[in-house]
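Asks: Mind having a look at this structure? Questions to follow.
Protein chains: 4
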Amino acid sequence: MVVAEISVTPLGTGEAGVSKYVARCVQVVQASGLDYQLTPMGTVIEGDLSRILEVIGKMHEAPFSMGAPRVSTLVKIDDRRDREDHSMLEKVRSVERKLDK
Amino acid sequence: MVVAEISVTPLGTGEAGVSKYVARCVQVVQASGLDYQLTPMGTVIEGDLSRILEVIGKMHEAPFSMGAPRVSTLVKIDDRRDREDHSMLEKVRSVERKLDK
Amino acid sequence: MVVAEISVTPLGTGEAGVSKYVARCVQVVQASGLDYQLTPMGTVIEGDLSRILEVIGKMHEAPFSMGAPRVSTLVKIDDRRDREDHSMLEKVRSVERKLDK
Amino acid sequence: MVVAEISVTPLGTGEAGVSKYVARCVQVVQASGLDYQLTPMGTVIEGDLSRILEVIGKMHEAPFSMGAPRVSTLVKIDDRRDREDHSMLEKVRSVERKLDK
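Residue numbers (my numbering), protein chains in the order written: chain A, 652 to 752; chain B, 652 to 752; chain C, 652 to 752; chain D, 652 to 752.
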């Protein structure tokens with residue numbers, strides 16, 4: 652299981668706000684069926700690597716389909732193969748357990 | 652109000668897990684008094700720019716104090732000055748409102 | 652033409668140095684035939700989006716094939732479709748022309 | 652010695668091009684006296700951590716002083732304390748030595 656955060660930013664739209672573009676990107680994730688979490692700075696998804704790369708490509712295209720002339724996409728992929736329980740939920744819980752001690 | 656995501660990664664520790672280092676970084680944020688949100692891929696904080704830069708410096712130091720020989724820190728700063736209500740909460744809500752339509 | 656920067660970091664290797672892993676990732680790029688530039692903080696490549704996503708997947712796999720238990724990959728994609736001359740070289744030159752004035 | 656890459660992006664300017672803003676950010680780095688390298692995807696600088704954080708703050712302010720309503724700044728800090736020769740130049744050379752073998 653790979654956990655990845657994606658942040659898609661349209662440039663040259665003339666608007667400082669980008670939430671309508673981000674909403675379209677979230678709809679792409681929803682259509683993919685992958686589990687996801689919307690955060691203040693991006694969208695976190697989990698799944699196997701090839702599906703995640705496919706979804707990244709589609710998210711990146713979304714603002715162009717809405718008229719943006721330029722898109723900047725930031726992706727961070729966290730892929731851990733020494734454990735079976737690597738997931739969005741377990742990553743947060745693992746930190747919280749250390750904080751509770 | 653600036654919203655920023657910080658992800659601090661120790662290298663050369665010999666462990667694939669990093670949650671104990673992340674927990675120490677979160678404690679640095681807690682000590683700062685800034686509002687924050689822990690996500691699967693980083694810690695999101697909000698506040699004014701100078702305090703955020705100060706906290707980033709302290710978070711980056713935390714793994715060294717625990718023995719890490721090398722630290723990689725990723726920061727994304729989102730600073731919007733045309734609106735008063737820029738915040739972690741409003742950023743997510745703004746996208747959710749578009750999704751609900 | 653898409654310009655992208657990729658930075659692949661193995662975790663849990665017990666070594667603070669990562670250059671042998673980065674070298675393997677660069678060999679993946681060389682084998683792809685895409686133009687690239689090695690910088691102190693990553694590898695910049697240019698080409699069409701689908702080929703770039705394919706190369707990112709292969710670069711991300713490289714440290715696992717060398718024994719790393721966990722890999723963190725950071726990607727920034729810059730895709731500009733309002734101009735024909737978007738490239739690694741033109742991006743730098745465009746800034747340099749402004750600096751020379 | 653810390654090596655860091657900074658990429659400053661203005662949003663809501665109505666222009667897809669950002670090179671004039673990037674040029675201003677590079678002038679901030681030049682004024683700081685820190686060594687730097689301009690790449691197609693960002694500006695790489697080296698120096699001690701506190702000076703780098705100070706320069707990041709000033710680079711981030713530059714597009715606002717030119718009228719941008721929103722600025723997104725991405726920073727990656729690579730700080731290695733087990734070796735004396737950590738630098739922009741040595742990082743690239745270390746990879747090139749492995750490629751030459």
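Beta carbons: idealized from backbone N, C-alpha and C, even for Gly. In this text, all values refer to a predicted model and were calculated from it rather than measured experimentally.
Excluding sequence positions up to five away, which residues of its chain have a Cβ less than 7 Å from the Cβ of V706 of chain C?
Replies: Taken in chain order, the residues that qualify are V679, V680, S683, L685 and I696.
Asks: When the cut-off is 8 Å and only beta carbons count, does K727 of chain C lie next to chain A?
Replies: Yes, its Cβ sits closer than 8 Å to a Cβ of chain A.
Asks: Pick from C:M710, C:L689 and C:T664: whose alpha carbon is nearest that of K742 of chain D?
Replies: Closest option to K742 of chain D, Cα to Cα, is C:L689.
Asks: With three or more beta-carbon pairs closer than 8 Å as the criterion, would you say the segment 743-752 of chain A touches the segment 711-724 of chain B?
Replies: Judged by Cβ distances under 8 Å, the segment 743-752 of chain A makes no contact with the segment 711-724 of chain B, as fewer than three pairs qualify.
Asks: Should T660 of chain A be flagged as near chain C, meaning a C-beta pair shorter than 8 Å?
Replies: Output row for T660 of chain A: interface = no.
Asks: Look up S670 of chain C in the DSSP assignment and say whether it is helix, strand or coil.
Replies: Note: S670 of chain C maps to helix in three-state DSSP.
Asks: What residue from D:D733, D:G663, D:V669 and D:G698 has the CA that sits closest to V722 of chain B's CA?
Replies: It is D:D733.
Asks: Determine the direct distance from the alpha carbon of A655 of chain D to that of L740 of chain A, and round the result to whole angstroms.
Replies: Rounded to the nearest angstrom, the two C-alpha atoms are 31 Å apart.
Asks: How about S692 of chain C and K727 of chain D: are their beta carbons less than 8 Å apart?
Replies: This sequence places Met at residue 692 of chain C; Ser is not what is there. Going by C-beta atoms, M692 of chain C is nearer than 8 Å to K727 of chain D.
Asks: Using a cut-off of 7 Å between C-beta atoms, extract the partners of P691 of chain C located in chain D.
Replies: Chain D residues near P691 of chain C: V654, Q688, V695, M739, K742 and V743.
Asks: Between R721 of chain C and chain B, is any beta-carbon pair separated by less than 8 Å?
Replies: By this cut-off, R721 of chain C is an interface position.
Asks: Tell me where the beta strand (DSSP E) around R731 of chain C begins and ends.
Replies: First-last of the beta strand (DSSP E) with R731 of chain C: R721 to R731.
Asks: Spell out the partners DSSP gives I696 of chain B in its beta bridges.
Replies: I696 of chain B is bridged to B:A655 and B:Y687.
Asks: Closest to E666 of chain C by C-alpha separation, out of D:Y672, D:D699 and D:R731, would be which residue?
Replies: Ranking the options by Cα distance to E666 of chain C, first place goes to D:R731.
Asks: What's the gap between the Cα of V746 of chain D and the Cα of E712 of chain C?
Replies: Cα-Cα distance, rounded: 18 Å.
Asks: V673 of chain B touches chain C at which residues, Cβ-Cβ below 9 Å?
Replies: Within 9 Å Cβ-Cβ: nothing; V673 of chain B doesn't reach chain C, min ~12 Å.
Asks: Quick check: what's the CA-CA separation for S738 of chain C versus R744 of chain B?
Replies: The straight-line gap from Cα to Cα measures roughly 36 Å.
Asks: Between which two residues does the alpha helix (DSSP H) containing E747 of chain B stretch?
Replies: Start and end: M739 to D751.
Asks: Name the residue from D:E735, D:K671, D:T724 and D:R675 whose alpha carbon lies nearest to the alpha carbon of L700 of chain B.
Replies: Selected option, being the one with the closest Cα: D:T724.
Asks: Indicate whether at least one CB of chain D lies closer than 8 Å to the CB of G708 of chain A.
Replies: Chain D contact via Cβ: absent.
Asks: For R731 of chain C, return the contacting residues in chain D, with the cut-off set at a CB-CB distance below 8 Å.
Replies: Result: A667.
Asks: How would you list, in chain order, the residues of chain B whose beta-carbon sits under 7 Å from the beta-carbon of S670 of chain A?
Replies: What S670 of chain A touches in chain B: S745, V746 and K749.
Asks: Who are the Cβ neighbours of Y687 of chain B in its own chain at under 7 Å, not counting the five residues just before and after it?
Replies: Contacts found: V680, T694, V695 and I696.
Asks: Compare the C-beta of S716 of chain A with all C-beta atoms of chain C and state if any pair is closer than 8 Å.
Replies: Judged by the 8 Å Cβ criterion, S716 of chain A is not in contact with chain C.
Asks: List, in chain order, every chain D residue whose beta-carbon is nearer than 8 Å to that of V677 of chain C.
Replies: Here the neighbours are V746 and L750.
Asks: To which residues of the same chain is S658 of chain B closer than 6 Å at the C-beta, ignoring the five residues directly before and after it?
Replies: The residues are G693 and L725.
Asks: Could you name the residues of chain C that L685 of chain A contacts, counting a contact when the two beta carbons are closer than 9 Å?
Replies: Residues of chain C passing the Cβ test: none, with the nearest at roughly 16 Å.
Asks: Hey, would you say I703 of chain D sits closer than 8 Å to V669 of chain D, going by beta carbons?
Replies: No, they are not a contact pair.
Asks: Just to make sure I have the definition right: I need the residues of chain B whose C-beta is within less than 8 Å of the C-beta of G663 of chain C. Which are they?
Replies: Neighbours of G663 of chain C on chain B, chain order: T664, G665, E666, A667 and G668.
Asks: Whole angstroms is fine: what's the gap from T660 of chain B's alpha carbon to G663 of chain C's?
Replies: Cα to Cα, the separation comes out at about 11 Å.
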